[in-house]
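Using numbering that gives the first Met the number 0, the first residue of the sequence shown is number 0, and each one after it goes up by one.
Using N, Cα and C, we set each Cβ at its ideal position, and we do this for glycine too.
Here the structure comes first, spelled out in structure tokens, and everything after it is commentary.
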Amino acid sequence: MSEVAIVGGGLAGGAAATLLAREDRRVILLERDIEPNHRICGEFISGDAETMLRRLGLDLERLGATRMDRLRIVSDTRTISVPLPFAAFGLTRKRLDAALLDLAEAAGARVERGAVARRIDGRRVETSLGAIEPDTLLLASGKHDLRGAPRSTEGCAKDFVGFKTYWRLGASTVAALRGHIEIILFDHGYAGLQLVEGGIANLCLLVRKTRFAEIGGTWTSLLEALIALPRFACRLADGEQILEKPLTIAGVPYGFMHRARPGSDDIAFRLGDQAAVIPSFCGDGMAIALHSARRAAATIIAGGGPADHHHALRADLARQVSLAMWIQKIGGNGSLQALMLGAISLAPAILPWLAQVTRVRVPS
Ligand SMILES: Cc1cc2nc3c(=O)[nH]c(=O)nc-3n(C[C@H](O)[C@H](O)[C@H](O)COP(=O)(O)OP(=O)(O)OC[C@H]3O[C@@H](n4cnc5c(N)ncnc54)[C@H](O)[C@@H]3O)c2cc1C
0 MSEVAIVGGG LAGGAAATLL AREDRRVILL ERDIEPNHRI CGEFISGDAE TMLRRLGLDL
60 ERLGATRMDR LRIVSDTRTI SVPLPFAAFG LTRKRLDAAL LDLAEAAGAR VERGAVARRI
120 DGRRVETSLG AIEPDTLLLA SGKHDLRGAP RSTEGCAKDF VGFKTYWRLG ASTVAALRGH
180 IEIILFDHGY AGLQLVEGGI ANLCLLVRKT RFAEIGGTWT SLLEALIALP RFACRLADGE
240 QILEKPLTIA GVPYGFMHRA RPGSDDIAFR LGDQAAVIPS FCGDGMAIAL HSARRAAATI
300 IAGGGPADHH HALRADLARQ VSLAMWIQKI GGNGSLQALM LGAISLAPAI LPWLAQVTRV
360 RVPS
């Protein structure tokens with residue numbers, strides 16, 4: 000039987016391993032973390048992502064996820080609250096990714112935790128367990144580029160720094176957040192605040208590098224600047240940060256979509272953030288990761304190759320990613336942002352519409 004190797008055991012890798020193992024493919028998945036770990040992610044699971052996870056066999060509410068059906072946008076001058084066009088969920092990636100890897104193992108995939116892919120050369124992978132050369136190689140290492148197979152991210156917007164941490168919040172703040180994803184806008188950045196399992200809140204934010212440097216260039220100085228704003232103070236002032244240090248990331252290539260260079264790296268199937276990166280505020284990166292896994296598995300089972308997969312994925316995602324980039328640009332410009340919020344408060348239906356047009360379409 001031919002062998003499929005998958006580098007990365009996040010959502011894309013875990014879903015692809017499950018689907019292929021269920022089709023009796025011999026699958027090995029390499030995941031560098033030995034234990035389930037926190038990931039930098041807002042942990043907003045959209046309706047599309049939930050549908051795909053449920054079809055794989057995961058029941059998010061049984062895993063402890065909180066349910067959200069409203070979006071609240073808070074700026075210095077306005078608060079807008081609208082229903083989401085779908086039910087969404089909040090669950091830590093630590094719990095979700097672990098559940099998905101368990102599912103892959105139960106389906107028959109060999110999951111090697113603590114195994115690192117060090118270099119890719121064609122389909123040959125040098126790993127911490129030795130070299131392998133599978134018949135089919137899937138790259139699902141997420142934000143981390145692999146030596147020998149980097150993404151071509153020239154021209155992408157890489158000017159944000161991201162932070163994620165957890166908070167234990169006061170009872171009245173938890174009550175105010177229940178059922179909501181809250182997007183809090185600030186000068187050259189935005190934050191997402193929502194509940195995950197166990198009554199704790201995920202605060203994930205992105206700030207432009209230049210603004211971050213002006214504020215002082217440290218998490219402490221950024222947090223001080225945010226808590227000085229009433230819209231953050233009313234949420235966080237009586238709260239307690241749970242992680243010792245926030246998780247951070249810089250240089251995420253927003254707007255990236257894999258396009259094979261002639262004669263180059265269409266030797267491996269790219270999944271998730273290795274295939275496409277949509278602006279984080281859309282909360283659809285996880286759905287894209289899961290969708291790309293389904294696409295790759297279907298292509299492999301039908302006997303297709305990486306080029307077929309990448310073409311199909313571009314057709315599915317290019318419009319959503321470029322629309323989301325435009326919205327990110329408008330949202331990042333102070334006066335256009337005020338105009339956009341004004342328009343939304345006059346016609347709130349714009350928001351669910353924007354949420355719809357930046358979404359992955361899940362076939363029924
Ligand atoms: C600040 C921020 C907030 C976000 N918020 C949301 C949100 O709220 N909702 C949403 O849907 N999306 C969100 N996203 C996007 C989402 O997190 C990603 O799109 C999604 O995690 C991509 O999944 P993936 O499986 O491709 O990669 P990942 O989830 O990053 O998984 C990659 C896996 O590969 C492993 N790995 C990496 N390198 C190696 C190696 N060399 N060898 C072996 N294993 C390796 C890693 O340990 C990891 O387990 C956010 C992104 C950012 C940056």
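Exposed or buried, which one is GLY7 when buried takes at least 16 other CB atoms within 10 Å?
Counted from its first residue, the sequence shown places residue 7 at position 8. GLY7 comes out buried.
Presumed contact (8 Å Cβ cut-off) between LEU137 and LEU270, rounded CB distance:
Translated into positions along the sequence shown, residue 137 becomes position 138. Translated into positions along the sequence shown, residue 270 becomes position 271. Sure, about 6 Å apart at Cβ, within 8 Å.
Can you give me the start and stop residues for the beta strand (DSSP E) that ALA249 sits inside?
Here residue 249 corresponds to residue number 250 of the sequence shown, with the count starting at 1. Where ALA249 is concerned, the enclosing beta strand (DSSP E) stretches over 246-249.
Using a Cβ-Cβ cutoff of less than 6 Å, which residues in the same chain neighbour ARG112 once the five nearest sequence positions on both sides are dropped?
For the purposes of this step, residue 112 is taken as the residue at position 113 of the sequence shown. The answer, listed in chain order, is GLU30 and ILE33.
Can at least three beta-carbon pairs, one atom from the region 178-196 and one from the region 54-68, be found at a separation below 8 Å?
Taking 8 Å as the limit for Cβ pairs, the verdict is that the region 54-68 does touch the region 178-196.
C-alpha gap between ALA259 and ILE241, whole angstroms:
Counted from its first residue, the sequence shown places residue 259 at position 260. Counted from its first residue, the sequence shown places residue 241 at position 242. Taking the straight line joining both Cα atoms gives about 42 Å.
For SER127, is the beta carbon positioned less than 6 Å from some heavy atom of ligand 1?
As a first step, residue 127 must be located in the sequence shown, where it is residue number 128. Flag unset: Cβ of SER127 not near ligand 1.
Three-state class that DSSP yields for PRO84 in the structure shown
Here residue 84 is taken as the residue at index 85 of the sequence shown, counted from 1. Looking at PRO84 - three-state DSSP - the assignment turns out to be strand.
What would DSSP say about ASP120, mapped onto helix, strand or coil?
Taking the first residue of the sequence shown as position 1, residue 120 is located at position 121. DSSP places ASP120 in strand when its eight states are reduced to three.
Using 8 Å for Cβ pairs, my map puts GLN319 next to TYR253. What's the rounded Cβ distance?
Along the sequence shown, one-based indexing puts residue 319 at 320. Along the sequence shown, one-based indexing puts residue 253 at 254. About 13 Å; that fails the 8 Å criterion.
State the beta-bridge partners of ASN201 as determined by DSSP.
Here residue 201 refers to the residue found at position 202 of the sequence shown. TYR165 and GLN193.
Selected residue, minimal CA-CA separation from GLY121, among ILE131, ALA227, ALA200 and VAL81
The residue given as residue 121 occupies position 122 in the sequence shown. Closest by alpha carbon: ILE131.
Measure the beta-carbon distance from ILE44 to LEU90 and round it to whole angstroms, keeping in mind my assumption that it falls under 8 Å.
For the purposes of this step, residue 44 is identified with residue 45 of the sequence shown, where counting begins at 1. For the purposes of this step, residue 90 is identified with residue 91 of the sequence shown, where counting begins at 1. Sure, about 6 Å apart at Cβ, within 8 Å.
Specify whether the region 274-287 and the region 231-246 touch according to this definition: at least 3 beta carbon pairs, one from each stretch, less than 8 Å apart.
no
In the DSSP output, which residue or residues are listed as bridge partners for PHE43?
Taking the first residue of the sequence shown as position 1, residue 43 is located at position 44. Its beta-bridge partners are GLY89.
Quick check for students: name the residue ranges of the alpha helix (DSSP H) that lie wholly in the region 287-337, counting only runs of 4 or more.
Counting only runs of 4+ residues, the alpha helix (DSSP H) found wholly inside the region 287-337 occupies 305-330, in chain order.
Is the closest heavy atom of ligand 1 to the C-beta of GLY304 under 6 Å?
Against the sequence shown, residue 304 aligns to sequence position 305. The answer is no for GLY304.
Element boundaries [beta strand (DSSP E), containing VAL366]:
Absent from the structure is residue 366, since the part of the chain shown begins at 0 and ends at 363.
Give the secondary structure of LEU138 by DSSP, where H, G and I count as helix, E and B as strand, and everything else as coil.
What you label residue 138 is simply residue 139 of the sequence shown in a count that begins at 1. LEU138 falls in the strand class under three-state DSSP.
How big is the Cα-Cα spacing for ALA314 and PRO149?
Counted from its first residue, the sequence shown places residue 314 at position 315. Counted from its first residue, the sequence shown places residue 149 at position 150. The straight-line gap from Cα to Cα measures roughly 22 Å.
Determine the DSSP secondary structure at VAL26, reduced to helix, strand or coil.
The residue given as residue 26 occupies position 27 in the sequence shown. Correct three-state label for VAL26: strand.
Start and end of the alpha helix (DSSP H) containing ILE5?
As a first step, residue 5 is located in the sequence shown; it is residue number 6 there, counting from the start. Careful: ILE5 lies outside any alpha helix (DSSP H), inside the beta strand (DSSP E) at 2-6.
Which residue or residues does DSSP assign as beta-bridge partners of PHE231?
For the purposes of this step, residue 231 is identified with residue 232 of the sequence shown, where counting begins at 1. When DSSP reads this structure, PHE231 sits in no beta bridge, so it has no partner.
For ligand 1, is there any heavy atom lying closer than 6 Å to the beta carbon of VAL6?
Position 7 of the sequence shown, counting from 1, holds the residue named residue 6. VAL6 Cβ: within cutoff of ligand 1.
So, are the CB atoms of VAL160 and ALA224 less than 7 Å apart?
By 1-based counting over the sequence shown, the position of residue 160 is 161. By 1-based counting over the sequence shown, the position of residue 224 is 225. No, they are not a contact pair.
Tell whether a beta-carbon distance below 7 Å holds between GLY41 and CYS155.
Translated into positions along the sequence shown, residue 41 becomes position 42. Translated into positions along the sequence shown, residue 155 becomes position 156. No. Outside cutoff.
Closer than 6 Å: GLU223 CB and nearest ligand 1 heavy atom:
By one-based count along the sequence shown, residue 223 stands at place 224. For GLU223, the shortest C-beta to heavy atom distance toward ligand 1 is 6 Å or greater.
Checking the sheet assignment: what are the DSSP bridge partners for HIS179?
The sequence position of residue 179 within the sequence shown is 180, counting from 1. ARG69.
Secondary structure at GLY9, three-state DSSP: helix, strand or coil?
Mapped onto the sequence shown, residue 9 falls at position 10. Note: GLY9 maps to coil in three-state DSSP.
LEU10: beta carbon under 6 Å from a heavy atom of ligand 1?
Numbered from 1 along the sequence shown, position 11 holds the residue referred to as residue 10. Under cutoff, so the answer is yes.
Quick one: is the Cβ of ASP272 within less than 6 Å of any heavy atom of ligand 2?
Ligand 2 is absent from the structure shown, which contains only ligand 1.
Status (buried if at least 16 other CB within 10 Å, exposed otherwise) for GLN193:
Residue mapping note: residue 193 aligns to position 194 of the sequence shown, counting from 1. Buried.
Under three-state DSSP, which class holds PHE211?
Within the sequence shown, residue 211 is the residue found at index 212, counting from 1. Reduced to three states, the DSSP call for PHE211 is helix.
Kindly indicate which residue of LEU322, SER321 and VAL81 has the alpha-carbon position closest to the one of ILE366.
No information on residue 366 is available, as it lies outside the stretch 0 to 363 that the chain covers here.
When the Cα atoms are used, what is the spatial distance from ARG71 to PRO351?
Within the sequence shown, numbered from 1, the residue matching residue 71 stands at position 72. Within the sequence shown, numbered from 1, the residue matching residue 351 stands at position 352. If I take the Cα positions, the gap works out to 12 Å.
Let's test the definition: count the other Cβ atoms within 10 Å of the Cβ of LYS163 and tell me whether it reaches 16, buried, or not, exposed.
Within the sequence shown, residue 163 is the residue found at index 164, counting from 1. Classification of LYS163: buried, given that the 10 Å Cβ count is 16 or more.
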